[in-house]
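Chemist: The structure that follows is given in the form of structure tokens.
Numbering (the working numbering), first residue to last: 14 to 92.
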């Protein structure tokens, strides 16, 4: 994960470890996650519910974090 920016590496590591509690704390309450098939997920509960059953995503095409370092926006690479 070292080749990714810290925020992305942290998120991917938490998903890989299936550490849903820490992942939830790393997501902003209003997180917006767009999957590779262009499904739009809003809020930590919806994001985590989707990630539980899917393989670990690759690094995003775009991401944004808030001033507290929590993930606000994630856009998977399409295709």
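A virtual CB, placed ideally from N, CA and C, is assigned to each residue, including glycine.
Pick from 24, 37, 28, 75: whose alpha carbon is nearest that of residue 49?
Modeler: When the alpha-carbon of residue 49 is set against those of 24, 37, 28, 75, the nearest one is in 75.
Chemist: Quick check on residue 66: does DSSP put it in helix, strand or coil?
Modeler: helix
Chemist: What residue range does the alpha helix (DSSP H) around residue 34 cover?
Modeler: 33-39
Chemist: Would you be able to state if there are at least three C-beta pairs under 8 Å between the segment 70-85 and the segment 36-46?
Modeler: Judged by Cβ distances under 8 Å, the segment 36-46 makes contact with the segment 70-85, as three or more pairs qualify.
Chemist: Going by DSSP, name the residue or residues bridged to residue 78.
Modeler: 84
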